[in-house]
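S.K.: Protein chains in written order, with our numbering: chain E, 50 to 130; chain B, 4 to 395.
Cβ coordinates follow ideal geometry from the N, Cα and C atoms, glycine included.
Have a look at this one.
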Amino acid sequence: MANAELEAKVVELLIDITGEEEIGDYRDDDLFEEDVLDSLGAIELLVRIKDEFGVSIAPTELEREEMNTVNKIIERIEERL
Amino acid sequence: MGFFADPAFFCLLVPITGIAVVLGALEKPLARYGCAASVVMLLLLFSRSLDALAFFAGYLAYSLVLARWVAWLFGREHPRRVALYRLALALQIAPLFVYKVGVLVNPDFLGFIGISYITFKTVQVLIETRDGLIKDLGAFEYFYFLVFFPTFTSGPILRSRAFVKDVKVRRTRDEYLELLYRGAGWFLLGALYKFVGASVAQWAMWFLPSAIGTADAGQVVLANLAYALGYTLYLFFDFAGYSHMAVGLGFALGIEVPRNFRAPFLALDIKDFWNRWHITLSQWLRDFVFMRFSAASFEHGWFKSSLTTACLGFFINMTLMGLWHGLTVDYLVYGMYHGLLLASCELIQRKWGFYKKHKRERWFKVCSWAVTMVAVIFGLALFSGQVLHNPL
């Protein structure tokens, strides 16, 4: 999967989960601090990442600081593809 | 010998931490020493009951076997690993469950101090082994993780991966002394909480209601409020007190024990409260109950809306939290009460336009804080049995 395609898919996924249409414009903002994502959103994200990309990330595998921005989420998926 | 209570315990800490400081300052590894010190302390803890000691020793061996078994199942991709893993999980929880049922029938039912807390640790190891996050937990590390004395009787709840990292890390003298310095601060703050804060609160909890009296209905209400408030403060100072001391003691032994309390009375809503009160318990439940339930719910599409998943997840999570304290009506009601509070909080935060519009304004925060505190104090009055059994 090309990089841009992956990024677009992740952003789309995040918009779907959080309802924040502009989420792709703020890729380095802390999603937990901004109240965009909470632990439930995070778990939905992990489940959807598994469905969408076949990448399995266990709930306690990553610290919050490792997946708290759009860019970090993309990186975590890329590492595992 | 009771931990964090008997004078003998505190006297023993002097040589125990003294030797740790010398080793740490000389840049020697602390793990074997910390483990040996923990074994000695646990032998003293169980010195009055050899039955409990035997049960505890059996529990350790049993847990080690279960952990090895699950690691073996997943290491070899055993065809029936998922079903067998569930069996292992049930077997790991069984001693605590049997104990909690047993004490209902017979208060002297065989158990050991710390069985409630140690179960979190053994269960976490099984779950994370299944998740593929724990691959090479050595027998020594696992043993030390389970017997580590500062947190043995009442937490904070440790996580094995962070613990093993601390066991293996080699600190320079400066790094160790810096850790020790921070640990000393935690310990002193904890001692202050427990021996001054908790004592004063406990005194107020009995003195104020009797000073108010219970002659008429107004006084009864007031006396009950004073008692509930006193109890809340007492529980906080007592519990945060020994949690802080355990953190400090852990640091001296080179283990960065996670903190358990972070100014809970500044919480602006009930979710915020659980991020500040008994933090390691709520994080454990969040990671291993709430998140697992939610993930299963999303995966299998149990509910149409994620709000339903969240609310039910909170309710199950907190009910379990209540029952973990003991299988009694008070704890059940306490757990369900907090489950309902969290679910209501979730509902308000997601659906109530008024909340979204005003949540950042000062007056709203003050109101939200006040409501949260009343809810917390009432919850602890349920917990203490004041509401259901012993109103003044």
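Looking at Leu195(B): is its Cβ nearer than 8 Å to the Cβ of Val24(B)?
M.R.: What you label residue 195(B) is simply residue 192 of the second sequence in a count that begins at 1. What you label residue 24(B) is simply residue 21 of the second sequence in a count that begins at 1. Taking 8 Å as the Cβ cut-off, Leu195(B) and Val24(B) do not qualify as a contacting pair.
S.K.: For Thr109(E), which residues in chain B fall below 9 Å Cβ to Cβ?
M.R.: Mapped onto the first sequence, residue 109(E) falls at position 60. Residues of chain B passing the Cβ test: Gln127, Ile130, Glu131, Asp134, Leu136, Arg162, Arg164, Asp290, Phe291, Met294.
S.K.: Identify the contact partners of Ala298(B) in chain E, using a Cβ-Cβ distance below 8 Å as the criterion.
M.R.: What you label residue 298(B) is simply residue 295 of the second sequence in a count that begins at 1. Residues of chain E passing the Cβ test: Ile92, Leu95, Val96, Pro108.
S.K.: Is there a Cβ from chain E that is less than 8 Å from the Cβ of Ala313(B)?
M.R.: Translated into positions along the second sequence, residue 313(B) becomes position 310. Closer than 8 Å: yes.
S.K.: Are the C-beta atoms of Phe59(B) and some chain E residue less than 8 Å apart?
M.R.: Taking the first residue of the second sequence as position 1, residue 59(B) is located at position 56. Cβ-Cβ to chain E under 8 Å: no for Phe59(B).
S.K.: By the 8 Å beta-carbon criterion, what residues does the stretch 301-333 of chain B contribute toward chain E?
M.R.: So the list reads Phe301, Glu302, Ser309, Thr312, Ala313, Gly316, given in the order they occur along the chain.
S.K.: Of the residues Glu131(B), Ser157(B), Lys168(B), which one's Cα is nearest the Cα of Ser119(B)?
M.R.: Taking the first residue of the second sequence as 1, we reach residue 119(B) at position 116. Per the Cα distances, Ser157(B).
S.K.: I'd like to know whether the C-beta of Leu63(E) is nearer than 8 Å to at least one C-beta of chain B.
M.R.: Stepping through the first sequence from its first residue, residue 63(E) is reached at position 14. Closer than 8 Å: no.
S.K.: Is there at least one Cβ from chain B nearer than 8 Å to Leu89(E)'s Cβ?
M.R.: Position 40 of the first sequence, counting from 1, holds the residue named residue 89(E). Taking Cβ atoms only, chain B reaches closer than 8 Å to Leu89(E), which makes this a yes.
S.K.: Note down, in chain order, each residue of its chain lying with its Cβ closer than 6 Å to the Cβ of Ile106(E), except the 5 sequence neighbours on either side.
M.R.: Your numbering for residue 106(E) matches position 57 in the first sequence. So the list reads Leu95, once near-sequence residues are dropped.
S.K.: Just to confirm the assignment, what range does the alpha helix (DSSP H) spanning Gln127(B) have?
M.R.: In the second sequence, counting from the first residue as 1, residue 127(B) sits at position 124. 118-133 is the span of the alpha helix (DSSP H), which, as asked, contains Gln127(B).
S.K.: How far does the alpha helix (DSSP H) with Ala231(B) in it extend, from its first residue to its last?
M.R.: Within the second sequence, numbered from 1, the residue matching residue 231(B) stands at position 228. Residues 220-255.
S.K.: Starting from Val379(B), follow the alpha helix (DSSP H) in both directions and report where the run begins and ends.
M.R.: Stepping through the second sequence from its first residue, residue 379(B) is reached at position 376. Start and end: 365-386.
S.K.: Is DSSP giving Ser52(B) helix, strand or coil here?
M.R.: Reading the second sequence from its first residue, position 49 is the one you call residue 52(B). Ser52(B) falls in the coil class under three-state DSSP.
S.K.: Give every residue of the same chain whose Cβ lies closer than 7 Å to the Cβ of Ala70(B), excluding the five residues on either side of it in the sequence, and list them in chain order.
M.R.: Sequence index remark: in the second sequence, residue 70(B) carries index 67 (1-based). Closer than 7 Å at Cβ, skipping near neighbours: Val128, Leu129, Thr132, Leu140, Tyr145.
S.K.: I need the straight-line Cα distance from Leu67(B) to Leu53(B), nearest angstrom please.
M.R.: Taking the second sequence and counting its residues from 1, one reaches residue 67(B) at position 64. Taking the second sequence and counting its residues from 1, one reaches residue 53(B) at position 50. So the two alpha carbons sit approximately 21 Å from each other.
S.K.: What is the DSSP secondary structure of Gly141(B), counted as helix, strand or coil?
M.R.: For the purposes of this step, residue 141(B) is taken as residue 138 along the second sequence, with counting starting at 1. DSSP places Gly141(B) in coil when its eight states are reduced to three.
S.K.: Answer yes or no: do Ala313(B) and Glu349(B) have a C-beta to C-beta separation smaller than 8 Å?
M.R.: Walking along the second sequence from the start, residue 313(B) turns up at place 310. Walking along the second sequence from the start, residue 349(B) turns up at place 346. Cβ distance < 8 Å, so Ala313(B) and Glu349(B) count as in contact.
S.K.: Measure the Cβ-Cβ separation of Gly105(B) and Gly257(B) and say whether it is below 8 Å.
M.R.: Residue 105(B) sits at position 102 when you count from the first residue of the second sequence. Residue 257(B) sits at position 254 when you count from the first residue of the second sequence. Contact flag unset, no.
S.K.: Going by DSSP in three states, Tyr75(E) sits in which element: helix, strand or coil?
M.R.: By 1-based counting over the first sequence, the position of residue 75(E) is 26. Coil, per DSSP.
S.K.: Mind checking Trp206(B): buried by the 16 CB within 10 Å criterion, or exposed?
M.R.: By 1-based counting over the second sequence, the position of residue 206(B) is 203. That one is exposed.
S.K.: Between the stretch 261-276 of chain B and the stretch 345-363 of chain B, do at least 3 Cβ pairs fall closer than 8 Å?
M.R.: Touching, per the Cβ criterion.
S.K.: With distances taken between CB atoms, is the gap from Leu238(B) to Leu383(B) smaller than 8 Å?
M.R.: Mapped onto the second sequence, residue 238(B) falls at position 235. Mapped onto the second sequence, residue 383(B) falls at position 380. Against a cut-off of 8 Å, the Cβ pair of Leu383(B) and Leu238(B) comes out as a contact.
S.K.: Could you tell me whether the stretch 383-395 of chain B touches the stretch 214-231 of chain B, where touching means 3 or more Cβ pairs closer than 8 Å?
M.R.: With a cut-off of 8 Å, the stretch 214-231 of chain B and the stretch 383-395 of chain B count as touching, because enough Cβ pairs lie within range.
S.K.: Please list the terminal residues of the continuous alpha helix (DSSP H) segment that includes Thr283(B).
M.R.: In the second sequence, counting from the first residue as 1, residue 283(B) sits at position 280. Run containing Thr283(B): 282-288, per the alpha helix (DSSP H) assignment.
S.K.: Sort Gly114(B), Val379(B), Ala373(B), Lys307(B) by Cα distance to Gly3(B) and report the nearest one.
M.R.: Lying before the first or after the last residue shown, residue 3(B) is absent from chain B, which here runs from 4 to 395.
S.K.: Tell me which residues share the same chain as Ile64(E) and place their Cβ nearer than 8 Å to its Cβ, disregarding the 5 neighbours each side in the sequence.
M.R.: The sequence position of residue 64(E) within the first sequence is 15, counting from 1. Result list for Ile64(E): Glu70, Ile72, Gly73, in chain order.
S.K.: Would you call Phe317(B) buried or exposed, if buried means 16 or more other Cβ atoms sit within 10 Å of its Cβ?
M.R.: For the purposes of this step, residue 317(B) is identified with residue 314 of the second sequence, where counting begins at 1. By the 10 Å Cβ count, Phe317(B) comes out buried.
S.K.: Can you look up Met208(B) in the DSSP assignment and give me helix, strand or coil?
M.R.: As a first step, residue 208(B) is located in the second sequence; it is residue number 205 there, counting from the start. In the structure shown, Met208(B) sits in a helix (DSSP, three-state: H, G or I).
S.K.: Which class does Gly90(E) belong to by DSSP, given the choice of helix, strand or coil?
M.R.: Start at 1 with the first residue of the first sequence, and residue 90(E) comes out as number 41. Helix.
S.K.: Out of Gly329(B), Asn278(B), Arg262(B), Val260(B), point me to the one whose CA is closest to Phe268(B)'s CA.
M.R.: By one-based count along the second sequence, residue 268(B) stands at place 265. Selected option, being the one with the closest Cα: Asn278(B).
S.K.: Could you pull out every residue in the same chain whose Cβ sits closer than 6 Å to the Cβ of Ala55(B), ignoring the five residues on either side in sequence?
M.R.: Here the question's residue 55(B) lines up with position 52 in the second sequence. Closer than 6 Å at Cβ, skipping near neighbours: Phe49, Phe115.
S.K.: Could you pull out every residue in the same chain whose Cβ sits closer than 6 Å to the Cβ of Gly342(B), ignoring the five residues on either side in sequence?
M.R.: Along the second sequence, one-based indexing puts residue 342(B) at 339. Hits under 6 Å: Phe317, Phe318, Met321, Thr322.
S.K.: Among Phe198(B), Arg83(B), Tyr88(B), Leu26(B), which one has its Cα closest to the Cα of Pro10(B)?
M.R.: Mapped onto the second sequence, residue 10(B) falls at position 7. Here the closest residue by C-alpha is Phe198(B).
S.K.: Buried or exposed for Ala214(B), please, with buried defined as at least 16 other CB atoms from any protein chain shown within 10 angstroms of its CB.
M.R.: Counting from one through the second sequence, the residue named residue 214(B) turns up at place 211. Ala214(B) is exposed by the Cβ-count criterion.
S.K.: Less than 8 Å between the C-beta atoms of Leu87(B) and Leu76(B), yes or no?
M.R.: Position 84 of the second sequence, counted from the start, is the residue given in the question as residue 87(B). Position 73 of the second sequence, counted from the start, is the residue given in the question as residue 76(B). Yes, Cβ-Cβ distance for Leu87(B) and Leu76(B) is below 8 Å.
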